[in-house]
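Visitor: Protein chains in written order, with UniProt numbering: chain U, 1 to 215; chain C, 1 to 215; chain W, 1 to 215; chain Z, 1 to 215.
Glycine included, every Cβ here is placed at the ideal spot set by N, Cα and C.
These numbers were taken from a predicted model, which means no experiment stands behind them.
Right, I'll just put the structure down here and ask away after.
Number of protein chains: 4
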Amino acid sequence: MNAATSGSSSHEAEGSAIATAEVATSPGRGRPRDATRDAALRNAALEVLAEVGYRALTMDAVAAHARAGKATIYRRWESKLELVIDTCTQLVQRNIPEPDHGSIERDLGEFLSAFATFLSGPIGKAAQALVGELPHEPELAAAFRESFLLPQRDMLRRLIDRGIERGEIRDAAPVDTVVELAGAALIHRLMLTGEPLDQRFVDRLLYDALLPLLR
Amino acid sequence: MNAATSGSSSHEAEGSAIATAEVATSPGRGRPRDATRDAALRNAALEVLAEVGYRALTMDAVAAHARAGKATIYRRWESKLELVIDTCTQLVQRNIPEPDHGSIERDLGEFLSAFATFLSGPIGKAAQALVGELPHEPELAAAFRESFLLPQRDMLRRLIDRGIERGEIRDAAPVDTVVELAGAALIHRLMLTGEPLDQRFVDRLLYDALLPLLR
Amino acid sequence: MNAATSGSSSHEAEGSAIATAEVATSPGRGRPRDATRDAALRNAALEVLAEVGYRALTMDAVAAHARAGKATIYRRWESKLELVIDTCTQLVQRNIPEPDHGSIERDLGEFLSAFATFLSGPIGKAAQALVGELPHEPELAAAFRESFLLPQRDMLRRLIDRGIERGEIRDAAPVDTVVELAGAALIHRLMLTGEPLDQRFVDRLLYDALLPLLR
Amino acid sequence: MNAATSGSSSHEAEGSAIATAEVATSPGRGRPRDATRDAALRNAALEVLAEVGYRALTMDAVAAHARAGKATIYRRWESKLELVIDTCTQLVQRNIPEPDHGSIERDLGEFLSAFATFLSGPIGKAAQALVGELPHEPELAAAFRESFLLPQRDMLRRLIDRGIERGEIRDAAPVDTVVELAGAALIHRLMLTGEPLDQRFVDRLLYDALLPLLR
DNA sequence: CGATAATCGAGACGGTACGTCGAGTCTTTAG
DNA sequence: CTAAAGACTCGACGTACCGTCTCGATTATCG
Chain U
1 MNAATSGSSS
11 HEAEGSAIAT
21 AEVATSPGRG
31 RPRDATRDAA
41 LRNAALEVLA
51 EVGYRALTMD
61 AVAAHARAGK
71 ATIYRRWESK
81 LELVIDTCTQ
91 LVQRNIPEPD
101 HGSIERDLGE
111 FLSAFATFLS
121 GPIGKAAQAL
131 VGELPHEPEL
141 AAAFRESFLL
151 PQRDMLRRLI
161 DRGIERGEIR
171 DAAPVDTVVE
181 LAGAALIHRL
191 MLTGEPLDQR
201 FVDRLLYDAL
211 LPLLR
Chain C
1 MNAATSGSSS
11 HEAEGSAIAT
21 AEVATSPGRG
31 RPRDATRDAA
41 LRNAALEVLA
51 EVGYRALTMD
61 AVAAHARAGK
71 ATIYRRWESK
81 LELVIDTCTQ
91 LVQRNIPEPD
101 HGSIERDLGE
111 FLSAFATFLS
121 GPIGKAAQAL
131 VGELPHEPEL
141 AAAFRESFLL
151 PQRDMLRRLI
161 DRGIERGEIR
171 DAAPVDTVVE
181 LAGAALIHRL
191 MLTGEPLDQR
201 FVDRLLYDAL
211 LPLLR
Chain W
1 MNAATSGSSS
11 HEAEGSAIAT
21 AEVATSPGRG
31 RPRDATRDAA
41 LRNAALEVLA
51 EVGYRALTMD
61 AVAAHARAGK
71 ATIYRRWESK
81 LELVIDTCTQ
91 LVQRNIPEPD
101 HGSIERDLGE
111 FLSAFATFLS
121 GPIGKAAQAL
131 VGELPHEPEL
141 AAAFRESFLL
151 PQRDMLRRLI
161 DRGIERGEIR
171 DAAPVDTVVE
181 LAGAALIHRL
191 MLTGEPLDQR
201 FVDRLLYDAL
211 LPLLR
Chain Z
1 MNAATSGSSS
11 HEAEGSAIAT
21 AEVATSPGRG
31 RPRDATRDAA
41 LRNAALEVLA
51 EVGYRALTMD
61 AVAAHARAGK
71 ATIYRRWESK
81 LELVIDTCTQ
91 LVQRNIPEPD
101 HGSIERDLGE
111 FLSAFATFLS
121 GPIGKAAQAL
131 VGELPHEPEL
141 AAAFRESFLL
151 PQRDMLRRLI
161 DRGIERGEIR
171 DAAPVDTVVE
181 LAGAALIHRL
191 MLTGEPLDQR
201 FVDRLLYDAL
211 LPLLR
């Protein structure tokens, strides 16, 4: 679906349900795709998305923002949906550094703060905009989970695993459930209640629920 | 905004940001509204919503489904959004009976099961469809929270309060956090991961996280 | 193709290859077509046509000129071509009064002058714009000939027939050829050479060619 | 505008409004233009023109037909219009041999037949396609008249002039009018009525109108 | 009872965005 | 410098949907 993406990150292409190959006739003839347009378009999409939301985002607006023709967009993405999800997943990669300070309390607190900050930005808004489409767009759902939910969940699990190795976690701790609850609590606040993802909330979540369940 | 709704439930009209008054000119002149059309339209809206989702839901489709004219819809709701939220909130009322068996374990378990079942139905799908619109539609957000989030949260809190009165809950239990986590876990599964809201999940949530945090 | 046309002039619908029935669900339900929009659109089309020519005429421009939506145009005509030909044929009707002064010289002269004036206006420009499409649009060709060429040819023939009855025309006069040459000369000037269709030209055509061939 | 054309026919370049100089930088550096591409492109243009008409003719189609890139076309002609007119005017040259048999009747008849045959071919179709553009493209109009109308008119006039010298033409004959009518009659049939340019028509034109007016 | 007024289904209305396609330009690799 | 290939910007195409308005036909209350 996106030649630029699949071309630039070969090791991820297999894992992603979105960045299917089907294109990237790069060694062929003709003028190659202008890589700067990819970035410009994704950037424009993110700007428009942050300004007006998913539904009010129009392809014309994105094109105008990037001083591009609509055809240049449709050459890369088949629909508004794909443009948006690719734009987001692209930005999700490596935005939250994995903490490792030898303490589950500190690692977990740092991760939650970082993730909360991350979610409070444009990506969070974009993700929210996509939720309503998930049930009717299986490919989007797969990509969304793979690049939005899984990395965060896996990082969280690694944090806890290191705590287990250090003996900080009690034996019967419901690790899976804690991992699920951590993400759920943040996202629920962000998307449903609309309350702020501030440090108070993070602390309460950490010290009232997650840590007590773990140790 | 909705004559039918505000007319039939006068005590809720004040509390709701949606069901504003302006209406129910029933004893006026002219042909009175056909009450059967209200139900038919809401029904049609729900069908279409379940079939194609919020974005692909068109007013023409709803009208056609209900064999009604579009004006008949717009006479009752000001927009597609209002139609959908009213349709949903209407159905939310009194769909989950409040359990009271003298045991926090049993009450909580029953509530979670009932809520999970409820969410797995069309209302859950509809709610998911609305999430993406919340940030850009303050009225919708208010109505959504009031009729979707609050009732469930309040019921949950009452359950726990009764447990406190019975001495089942320990003193320092993080009640607010538990209430928030319960809802968050269910909704996160429903809308984000797409995994089933089955009894196994409910049990795990209950016995691994909620109850341990409470007692 | 055009409900308004075929509905309003039933006796012409059969003769015309363009104004096919297929629509005119007039006695049906729903809001009837606004007849004033027909005129406004045709008027706008003619204005735009005169300004920029056929190729540069865009449906958006016509719609904007008439303060109408594009759908309102496409509801009446299936394409730009149909809009233009219907606009023109509509205006051709009864634009040249048939002279009858009891003299072939005077009748013919008056007719040629009137036709020359008529062709020099917007209809002439529009007709020229359509010529290039005729070979690839059989329906257009039929309509064009029927409403543009035939009326003029028939009127010319009636003029001459009256002259024959009055004994002004010699027996062996090549009436068909004269009729053909009269139209051809005017149209050739208009569309091919671009020279003006002035009185000098009309007189020369009349006294140097047409009358000598007839009497 | 067209290097190839102006290079190959230097004596006509001055007279033509189209074949401007700028030209055949042949002794320059780099790879020389492939002369076979000129013919291939003109040929492709003519084919496409005959198939689908001027409006539906696309540069991509011409390029594909000639297995050429679009740049190869635009290097030679500045626009679609120029390509078409150059293609046509190129083919007009020397397609009608000038008859000279010492008899106005025979010369005129032969010329009319040859011209009718010529018009019935692809050039006639192409010419028709251009008519609608003439009012809005002055350069095209000039080129069209110069290479399409004038040569035929001049040849016709020379024919008649020779007849005058031979004493075949009466003194007061309206030569200009006859010349104009001859061309107009053929073109009118070709482009407007669509009737065939057959020998019957040519004979009728010749013996019923042109010759009687001349002698 | 008749007049008045609001309802109903149906669908036309002005707008706006869609996704496609064509014109003419630019940029690559290959010669 | 030219060739083929094809990406680029721009803008028109014809379609679909939104929310409004207008039609003929009901269906109630009011005078």
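1) Put Leu57 (chain C) into one of helix, strand or coil per three-state DSSP.
2) With 16 other CB atoms within 10 Å as the buried threshold, where does Lys70 (chain C) fall?
3) Could you round the C-beta distance between Leu46 (chain W) and Pro122 (chain W) to whole angstroms and report it? I think they count as a contact, below 8 Å.
4) Between which residues of its own chain and Asp60 (chain Z) is the CB-CB distance below 8 Å, once the five residues before and five after are set aside?
5) Which first and last residues belong to the alpha helix (DSSP H) in which Glu165 (chain U) is found?
6) Would you verify that the beta carbon of Arg215 (chain U) is, or is not, closer than 8 Å to some beta carbon of chain C?
7) Quick one: list the residues of chain U neighbouring His65 (chain C), beta-carbon separation under 7 Å, in chain order.
8) Using 8 Å as the Cβ pair cut-off and three pairs as the minimum, do the segment 139-151 of chain Z and the segment 74-89 of chain Z touch?
9) By the DSSP assignment, the alpha helix (DSSP H) with Tyr74 (chain C) in it spans what residues?
10) Decide if Glu180 (chain U) is buried, meaning its Cβ has at least 16 other Cβ atoms within 10 Å, or exposed.
11) In whole angstroms, what separates the C-alpha of Leu211 (chain Z) from that of Trp77 (chain W)?
12) Beta carbons nearer than 7 Å to chain Z: which residues of the segment 175-188 of chain W have them?
13) Mind listing the chain C neighbours of Gln128 (chain U)? Cutoff is C-beta to C-beta under 9 Å, in chain order.
14) Among W:Gly132, W:Gly163, W:Val178, W:Ile164, which residue has its Cα nearest to the Cα of Arg153 (chain W)?
15) Smallest Cα separation from Leu91 (chain W): which of W:Ala172, W:Gly102, W:Arg42?
16) Relative to chain C, which residues along the segment 188-209 of chain U have a C-beta separation below 7 Å, given in chain order?
17) Could you tell me the boundaries of the alpha helix (DSSP H) in which Ser103 (chain C) lies?
18) Whose C-beta lies closer than 6 Å to the C-beta of Tyr54 (chain W) among residues of the same chain, with five residues either side of it excluded?
19) Less than 8 Å separating the beta-carbons of Ala172 (chain U) and Ala185 (chain C)?
20) Go ahead and pull the three-state DSSP assignment for Ala66 (chain C).
21) Measure from the alpha carbon of Glu133 (chain U) to the alpha carbon of each residue in C:Arg204, C:Ala68, C:Leu192, then state which is nearest.
22) Can you give me the Cβ contacts of Met155 (chain W) inside the same chain, cut-off strictly under 6 Å, excluding the 5 residues immediately before and after it?
23) I think Ser120 (chain W) touches Gln199 (chain W), with their Cβ atoms under 8 Å apart; what is that distance to the nearest whole Å?
24) Counting only Cβ pairs nearer than 9 Å, list the residues of chain C close to Ala44 (chain U).
25) With Gly183 (chain C) as the anchor, note down where its alpha helix (DSSP H) starts and where it stops.
26) So which of W:Ala66, W:Lys125, W:Leu205 has the shortest CA-CA distance to Phe148 (chain W)?
27) List, in order along the chain, the chain Z residues whose C-beta lies closer than 8 Å to that of Ala114 (chain W)?
28) Return helix, strand or coil for Leu211 (chain U), following the three-state DSSP convention.
29) Since Phe118 (chain Z) and Asn95 (chain Z) are thought to touch, with beta carbons under 8 Å apart, how far apart are those beta carbons, to the nearest angstrom?
30) Could you say which of C:Arg75, C:His65, C:Asp38, C:Arg37 lies nearest to Ala50 (chain C) if we only look at CA atoms?
31) List the residues of chain C that Asn53 (chain U) touches, going by C-beta distances under 7 Å, in chain order.
32) May I have the straight-line CA-CA distance separating Leu197 (chain U) from Leu206 (chain U), to the nearest angstrom?
33) Run through chain W and tell me which residues come within less than 8 Å of Leu149 (chain Z), C-beta to C-beta.
34) So, with DSSP's three-state summary, where would you put Pro196 (chain Z)?
35) Would you report the Cα separation of Tyr74 (chain U) and Ala68 (chain U), rounded to the nearest angstrom?
Guide: Here's the rundown:
1) Position 57 of the second sequence, counted from the start, is the residue given in the question as residue 57 (chain C). It is coil, neither helix nor strand.
2) By one-based count along the second sequence, residue 70 (chain C) stands at place 70. That one is exposed.
3) Looking up residue 46 (chain W) in the third sequence gives position 46. Looking up residue 122 (chain W) in the third sequence gives position 122. Right, the Cβ-Cβ distance comes to about 6 Å (below 8 Å), so this counts as a contact.
4) Position 60 of the fourth sequence, counted from the start, is the residue given in the question as residue 60 (chain Z). Closer than 8 Å at Cβ, skipping near neighbours: Lys70.
5) The residue you call residue 165 (chain U) lines up with position 165 of the first sequence. Here the alpha helix (DSSP H) through Glu165 (chain U) covers 150-165.
6) Your numbering for residue 215 (chain U) matches position 215 in the first sequence. No, no contact with chain C.
7) Residue mapping note: residue 65 (chain C) aligns to position 65 of the second sequence, counting from 1. Those do not exist, as His65 (chain C) stays about 18 Å from chain U at its closest Cβ, beyond 7 Å.
8) Between the segment 139-151 of chain Z and the segment 74-89 of chain Z there are three or more C-beta pairs closer than 8 Å, enough to call the two in contact.
9) As a first step, residue 74 (chain C) must be located in the second sequence, where it is residue number 74. Counted as a single uninterrupted DSSP element, the alpha helix (DSSP H) harbouring Tyr74 (chain C) occupies residues 70-74.
10) As a position in the first sequence, residue 180 (chain U) is number 180, starting the count at 1. Buried.
11) For the purposes of this step, residue 211 (chain Z) is taken as the residue at position 211 of the fourth sequence. For the purposes of this step, residue 77 (chain W) is taken as the residue at position 77 of the third sequence. Roughly 47 Å between the two C-alpha positions.
12) Thr177, Glu180, Leu181, Gly183, Ala184, Ala185, Ile187, His188
13) Counting from one through the first sequence, the residue named residue 128 (chain U) turns up at place 128. Those are Val131, Gly132, Leu134, Pro135, listed as they occur along chain C.
14) As a working mapping, residue 153 (chain W) is identified with position 153 in the third sequence. It is W:Val178 whose Cα lies nearest to the Cα of Arg153 (chain W).
15) The count along the third sequence starts at 1 and reaches residue 91 (chain W) at position 91. Cα-wise, what sits closest to Leu91 (chain W) is W:Arg42.
16) His188, Met191, Leu192, Thr193, Gly194, Arg204, Leu205, Asp208, Ala209
17) By one-based count along the second sequence, residue 103 (chain C) stands at place 103. Segment: none, Ser103 (chain C) is in no alpha helix (DSSP H) and carries neither H nor E.
18) Counting from 1 along the third sequence, the entry for residue 54 (chain W) is found at position 54. Exclusion of the five residues before and after Tyr54 (chain W) leaves Ala129 as the residues of its chain whose Cβ lies within less than 6 Å of its Cβ.
19) Taking the first sequence and counting its residues from 1, one reaches residue 172 (chain U) at position 172. Taking the second sequence and counting its residues from 1, one reaches residue 185 (chain C) at position 185. No, they are not a contact pair.
20) Sequence index remark: in the second sequence, residue 66 (chain C) carries index 66 (1-based). Note: Ala66 (chain C) maps to coil in three-state DSSP.
21) The residue given as residue 133 (chain U) occupies position 133 in the first sequence. When only C-alpha atoms are compared, the closest one is C:Leu192.
22) For the purposes of this step, residue 155 (chain W) is taken as residue 155 along the third sequence, with counting starting at 1. These residues qualify, in order along the chain: Glu98.
23) Along the third sequence, read from residue 1 onward, the residue named residue 120 (chain W) stands at position 120. Along the third sequence, read from residue 1 onward, the residue named residue 199 (chain W) stands at position 199. Incorrect: roughly 12 Å between the Cβ atoms, too far for contact.
24) Counted from its first residue, the first sequence places residue 44 (chain U) at position 44. Correct list: empty, because the minimum Cβ distance to chain C is about 19 Å.
25) Position 183 of the second sequence, counted from the first residue, corresponds to residue 183 (chain C). Looking at the DSSP string, the run of the alpha helix (DSSP H) that includes Gly183 (chain C) is 175-187.
26) For this step, residue 148 (chain W) is matched to residue 148 along the third sequence. If we check each option's Cα against that of Phe148 (chain W), W:Lys125 comes out closest.
27) Within the third sequence, numbered from 1, the residue matching residue 114 (chain W) stands at position 114. Chain Z residues near Ala114 (chain W): none, gap ~19 Å exceeds 8 Å.
28) What you label residue 211 (chain U) is simply residue 211 of the first sequence in a count that begins at 1. When secondary structure is reduced to three states using DSSP, Leu211 (chain U) falls in the helix class.
29) Sequence index remark: in the fourth sequence, residue 118 (chain Z) carries index 118 (1-based). Sequence index remark: in the fourth sequence, residue 95 (chain Z) carries index 95 (1-based). At roughly 6 Å, the Cβ-Cβ gap stays under 8 Å, so Phe118 (chain Z) and Asn95 (chain Z) are in contact.
30) Sequence index remark: in the second sequence, residue 50 (chain C) carries index 50 (1-based). Considering only alpha carbons, the answer is C:His65.
31) On the first sequence, residue 53 (chain U) is found 53 positions in, with the first residue counted as 1. In the sequence under discussion, the amino acid at residue 53 (chain U) is Gly, which differs from the Asn named in the question. Here the neighbours are Pro135, His136.
32) Mapped onto the first sequence, residue 197 (chain U) falls at position 197. Mapped onto the first sequence, residue 206 (chain U) falls at position 206. Their Cα atoms are separated by approximately 13 Å.
33) Within the fourth sequence, residue 149 (chain Z) is the residue found at index 149, counting from 1. The contacting residues are Leu192, Thr193.
34) Numbered from its first residue, the fourth sequence carries residue 196 (chain Z) at position 196. Coil.
35) Here residue 74 (chain U) is taken as the residue at index 74 of the first sequence, counted from 1. Here residue 68 (chain U) is taken as the residue at index 68 of the first sequence, counted from 1. Approximately 11 Å between the Cα atoms of the pair.
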